[in-house]
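The structure under discussion appears below in the form of structure tokens.
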Amino acid sequence: MRIRPTVADPSCPPPSPTSPLPAARTSSDARSAFQDSAPVGLGFVPLGIAFGVLVTQSGLGWWWASLSSAVVFGGSFEFLLIGMVTAAAPLASIAVSAFLVNVRHVFYTLSFPLHQVKGPLGKTYSTFALCDEAYALTAGEHARSWSGRRILWLQFFLHLYWTGGATAGALLGSLIPDSVTGLDFALTALFTVLALDAVRDPRGDLPTPALALVCALAARLLFPHQMLLAAFALFTAVLLTRRFVIGRKPTHA
Amino acid sequence: MPDARYAVVAVLVTAAVTWGLRALPFAALAPLRASATVQYLSTRMPAGVMVILVVYCLHDLPVTQSRVLAPLAALTVTIGLHLWRRNALLSILAGTAVHVTLASTVFAP
Chain A
1273 MRIRPTVADP SCPPPSPTSP LPAARTSSDA RSAFQDSAPV GLGFVPLGIA
1323 FGVLVTQSGL GWWWASLSSA VVFGGSFEFL LIGMVTAAAP LASIAVSAFL
1373 VNVRHVFYTL SFPLHQVKGP LGKTYSTFAL CDEAYALTAG EHARSWSGRR
1423 ILWLQFFLHL YWTGGATAGA LLGSLIPDSV TGLDFALTAL FTVLALDAVR
1473 DPRGDLPTPA LALVCALAAR LLFPHQMLLA AFALFTAVLL TRRFVIGRKP
1523 THA
Chain B
18 MPDARYAVVA VLVTAAVTWG LRALPFAALA PLRASATVQY LSTRMPAGVM
68 VILVVYCLHD LPVTQSRVLA PLAALTVTIG LHLWRRNALL SILAGTAVHV
118 TLASTVFAP
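Going line by line, the protein sequences match chains A and B.
Reminder that position 234 of the first sequence reads as 1506 in the working numbering, one-by-one numbering, no gaps.
Reminder that position 85 of the second sequence reads as 102 in the working numbering, one-by-one numbering, no gaps.
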């Protein structure tokens, strides 16, 4: 699902400010944004449908799928949230888990072109709808010339695909007989694909996913009830240790 | 069936945390953009986080029962197709279809 971003070089000078946009350009911005967003839409709509179906199969109302997809707009955690809500998890655990799963977004803010989006309302929406795919599509070199409107339209289309798919899935989900089970594998498949793409990323390196796997298995064995929290904490600690050790190597060489 | 008010509040809590993570760092992390350690983490975390999430999704795998074959077959299809065709949508749909088919028929509970 995640489109691999062109590596955004943080050392590059900021792009020149875009010229003010006349209203006449809105339609061409929207058209370009639609074309940019369409491939992601092919992934968002079916996945949104799977999410909606899962929501109603879990015993939650169809409206919950629309509400969650519209106001959270964080696909992977929303899948996890279904299980947490049906298990009546404490709100504090939900907040901590949401933080840990979505903390990666902090890193997107390091190179997302928010400076190209004008106005407080636009900037507010742009940060709200900053999902993996919006980052991936806009962080690259090719997007430096995009207008703020084009970026906002792109984010709006992604938001629409996800919410529309989730609502459709939730409304149509009741037509699927109860004997059909196992749709929740869509989440596992999504993370598997994202992991393969991230490992393939030239900036990634093989020890990182291997260390993550060890951390996840260790957390599963040692802290089965807080596995996600333990795994993320362990992984961050291991990464920082590795960074510290590698950073010191030259002085020992 | 969870209480509707609780289900709504759970969504709002999630939305607040998620939006905070997407918006606040634009102001708060500006001085850190040049930090080599932040850059190091930002390039390595995505791959690791996704691997951890895959393990988390599979954490209650019924390893001693034959129905474990459904997720394992689906996982093999997802990985194999993705390495071959590099089409995320195809990999997800095919893997899920295999899982639904096996879990609903041969390994139905």
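All C-beta atoms, glycine included, are put in the ideal place defined by N, C-alpha and C.
Note that the structure is a prediction, hence the values are computed from the model and not measured.
Please return the same chain residues whose Cβ sits closer than 8 angstroms to the Cβ of L1494(A), not counting the five positions on each side in sequence.
Working through the first sequence from its first residue, we reach residue 1494(A) at position 222. A1502, listed in sequence order.
Contact set between D1308(A) and chain B, taken where Cβ atoms lie within less than 7 angstroms:
Translated into the one-based positions of the first sequence, residue 1308(A) becomes position 36. Correct list: empty, because the minimum Cβ distance to chain B is about 16 angstroms.
Reduced DSSP category for P126(B) - H, G, I as helix; E, B as strand; rest coil
As a first step, residue 126(B) is located in the second sequence; it is residue number 109 there, counting from the start. Coil.
On the CB-based measure, 16 or more other CB atoms within 10 Å of its CB, does A111(B) come out buried or exposed?
Within the second sequence, the letter at position 94 stands for residue 111(B). Around the beta carbon of A111(B), 16 or more other beta carbons sit within 10 angstroms, so the residue counts as buried.
CA nearest to the CA of I1366(A), picked from D20(B), V30(B), L46(B) and L98(B):
As a first step, residue 1366(A) is located in the first sequence; it is residue number 94 there, counting from the start. When each option's Cα is compared against that of I1366(A), the closest is V30(B).
Could you tell me how far apart the beta carbons of P42(B) and T1381(A) are, in whole angstroms, since I believe they sit closer than 8 angstroms?
Position 25 of the second sequence holds residue 42(B). Position 109 of the first sequence holds residue 1381(A). Sure, about 4 angstroms apart at Cβ, within 8 angstroms.
Proximal chain A residues relative to L58(B), where beta-carbon distance stays under 8 angstroms:
For the purposes of this step, residue 58(B) is taken as residue 41 along the second sequence, with counting starting at 1. Residues of chain A passing the Cβ test: F1379, T1508, L1511, L1512 and R1515.
Within its chain, find whatever has a CB closer than 8 angstroms to the CB of L1352(A); leave out the 5 residues flanking it on each side and keep chain order.
Reading the first sequence from its first residue, position 80 is the one you call residue 1352(A). Here the set comprises S1369, V1373 and L1459.
I'd like to know if R102(B) contacts chain A, where contact means its C-beta is closer than 9 angstroms to some C-beta of that chain.
For this step, residue 102(B) is matched to residue 85 along the second sequence. False, the Cβ-Cβ gap to chain A never drops below 9 angstroms.
Quick check: the stretch 99-116 of chain B against the stretch 1495-1514 of chain A, are there 3 or more CB pairs under 8 angstroms?
Contact fails between the stretch 99-116 of chain B and the stretch 1495-1514 of chain A, because fewer than three Cβ pairs, one in each stretch, are under 8 angstroms apart.
Could you check what DSSP says for P1449(A) in three-state terms: helix, strand or coil?
Counted from its first residue, the first sequence places residue 1449(A) at position 177. Assignment of P1449(A) by DSSP, reduced to helix, strand and coil, places it in the coil class.
Would you say L1293(A) lies against chain B (beta-carbon separation less than 9 angstroms)?
Along the first sequence, read from residue 1 onward, the residue named residue 1293(A) stands at position 21. The predicted position of L1293(A) is uncertain, since its pLDDT is 48 and thus under 50; no value can be drawn from it.
Can you find the residues in the same chain that come closer than 8 angstroms, C-beta to C-beta, to L1455(A), ignoring five residues on each side of it along the sequence?
The residue you call residue 1455(A) lines up with position 183 of the first sequence. For L1455(A), where only same-chain residues beyond five positions count, the Cβ hits under 8 angstroms are A1322, V1325, L1326 and Q1329.
Distance between beta carbons of S52(B) and F1379(A), contact taken as under 8 angstroms:
Residue mapping note: residue 1379(A) aligns to position 107 of the first sequence, counting from 1. Residue mapping note: residue 52(B) aligns to position 35 of the second sequence, counting from 1. Between the beta-carbon of F1379(A) and that of S52(B) there is about 12 angstroms, and that puts the pair past the 8 angstroms contact cut.
Quick check on this structure: which residue in I1518(A), L1468(A), R1492(A) and A1490(A) has the alpha carbon closest to the alpha carbon of L100(B)?
Locating residue 100(B) in the second sequence gives position 83, counting from the first residue. Nearest of I1518(A), L1468(A), R1492(A) and A1490(A) to L100(B), Cα basis: L1468(A).
Considering Q1390(A), what are the terminal residues of the alpha helix (DSSP H) in which it resides?
Numbered from its first residue, the first sequence carries residue 1390(A) at position 118. According to the sequence provided, residue 1390(A) is Lys. The question's Gln does not apply to it. Run containing K1390(A): none; DSSP gives neither H nor E here.
Is the shortest distance between the beta-carbon of F1323(A) and the beta-carbons of chain B less than 9 angstroms?
For this step, residue 1323(A) is matched to residue 51 along the first sequence. It does not: the Cβ of F1323(A) has no partner Cβ on chain B nearer than 9 angstroms.
Run down chain B in chain order and give the residues with a C-beta less than 7 angstroms from the C-beta of P1481(A).
Here residue 1481(A) refers to the residue found at position 209 when the first sequence is read from its first residue. Per Cβ cutoff of 7 angstroms: A64, G65 and V68.
If you drop the 5 nearest sequence neighbours on each side, which residues of the same chain put their C-beta closer than 8 angstroms to that of L1332(A)?
Here residue 1332(A) refers to the residue found at position 60 when the first sequence is read from its first residue. The residues are I1354, V1357 and T1358.
Please name the residue in A120(B), F124(B) and L106(B) whose C-alpha comes closest to that of F1463(A).
By 1-based counting over the first sequence, the position of residue 1463(A) is 191. For the options A120(B), F124(B) and L106(B), the alpha carbon positioned closest to that of F1463(A) is the one of L106(B).
Helix, strand or coil for G37(B), going by three-state DSSP, please let me know.
Residue mapping note: residue 37(B) aligns to position 20 of the second sequence, counting from 1. Helix at G37(B).
Check whether the Cβ atoms of A90(B) and V115(B) lie closer than 9 angstroms to each other.
Numbered from its first residue, the second sequence carries residue 90(B) at position 73. Numbered from its first residue, the second sequence carries residue 115(B) at position 98. Yes; because the gap between Cβ atoms is below 9 angstroms, this pair is in contact.
Reduced DSSP secondary structure (H/G/I, E/B, other) of F1463(A):
Translated into positions along the first sequence, residue 1463(A) becomes position 191. In this structure, F1463(A) counts as helix in the three-state DSSP scheme.
I1423(A) versus chain B: which residues are under 9 angstroms apart at the beta carbon?
Here residue 1423(A) corresponds to residue number 151 of the first sequence, with the count starting at 1. Contact of I1423(A) with chain B by beta-carbon distance below 9 angstroms is absent, the smallest such distance being about 14 angstroms.
Which residues mark the beginning and the end of the alpha helix (DSSP H) in which P1479(A) is found?
The residue given as residue 1479(A) occupies position 207 in the first sequence. For P1479(A), the enclosing alpha helix (DSSP H) has its first and last residue at P1479 to L1494.
Using 8 angstroms as the cut-off, can you tell me whether the stretch 1430-1437 of chain A makes contact with the stretch 1300-1313 of chain A, which would need three or more C-beta pairs spanning the two stretches below that distance?
Note that the stretch 1430-1437 of chain A touches the stretch 1300-1313 of chain A; at least 3 beta-carbon pairs, one per stretch, sit closer than 8 angstroms.
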